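Asker: So the sequence shown is residues 289 to 429, counted in the numbering used here. Using N, Cα and C, we set each Cβ at its ideal position, and we do this for glycine too. As the structure is a prediction and not an experimental result, all values here were calculated from the model. One structure coming up, written as structure tokens, with questions to follow.
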Amino acid sequence: MPLDVKFDENQRLIHVIITGTWPTLPEIVAERSRLILAGYIRPGVVELVDARGVTRGIPNLSQMQAILHAIGKPPDRRALVVGSNVQFGAGRMAEVLDPTGLKVFRDEESARKWLFESPKTEEPPTIDRSRSGRIAVFKNT
């Protein structure tokens, strides 16, 4: 199988290394099931997927949708490290499908930094009616 998975309990990190041909959806689902049963996939865990060794079978948009739907959440954050422009394009498609939970990178150091930084929480917008009468105006606080 082209998947090598390691779990670091101290960092709460699932590190997936994919080489050769991209795994099939059944292979991905079987590995996810194994990780869930082992207790590795749970809230508070992040995932680093290193696809730099993939040489064939880069998923297209519909395949990426099926993969993301099948693997679901958690983890809340997944970083995908790629090594080619084709892989980067596929990763960007995945970002569009999961814009807050997945990000594509070209180097592992940046990916790890993003995984472990504190998520930015946005304040909900406030409505200011003082200057506009009846029309609500959103303002950033």
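For the putative contact between residue 374 and residue 383, defined by C-beta atoms under 8 Å, what is the C-beta separation to the nearest angstrom?
Answerer: For the purposes of this step, residue 374 is identified with residue 86 of the sequence shown, where counting begins at 1. For the purposes of this step, residue 383 is identified with residue 95 of the sequence shown, where counting begins at 1. Rounded, the Cβ-Cβ distance is 15 Å, inconsistent with contact.
Asker: Hey, quick one: how far does the beta strand (DSSP E) through residue 293 stretch, first residue to last?
Answerer: On the sequence shown, position 5 is the one that residue 293 refers to. Run containing residue 293: 291 to 296, per the beta strand (DSSP E) assignment.
Asker: What are the start and end residues of the beta strand (DSSP E) that includes residue 342?
Answerer: Position 54 of the sequence shown holds residue 342. 334 to 344 is the extent of the beta strand (DSSP E) around residue 342.
Asker: Just how far apart, CA to CA, sit residue 296 and residue 312?
Answerer: Here the question's residue 296 lines up with position 8 in the sequence shown. Here the question's residue 312 lines up with position 24 in the sequence shown. Cα-Cα distance, rounded: 25 Å.
Asker: Could you tell me the boundaries of the alpha helix (DSSP H) in which residue 317 lies?
Answerer: Within the sequence shown, the letter at position 29 stands for residue 317. Looking at the DSSP string, the run of the alpha helix (DSSP H) that includes residue 317 is 313 to 325.
Asker: Would a C-beta distance cut-off of 7 Å place residue 307 and residue 331 closer than the cut-off?
Answerer: Position 19 of the sequence shown, counting from 1, holds the residue named residue 307. Position 43 of the sequence shown, counting from 1, holds the residue named residue 331. No, the Cβ-Cβ distance between residue 307 and residue 331 is not below 7 Å.
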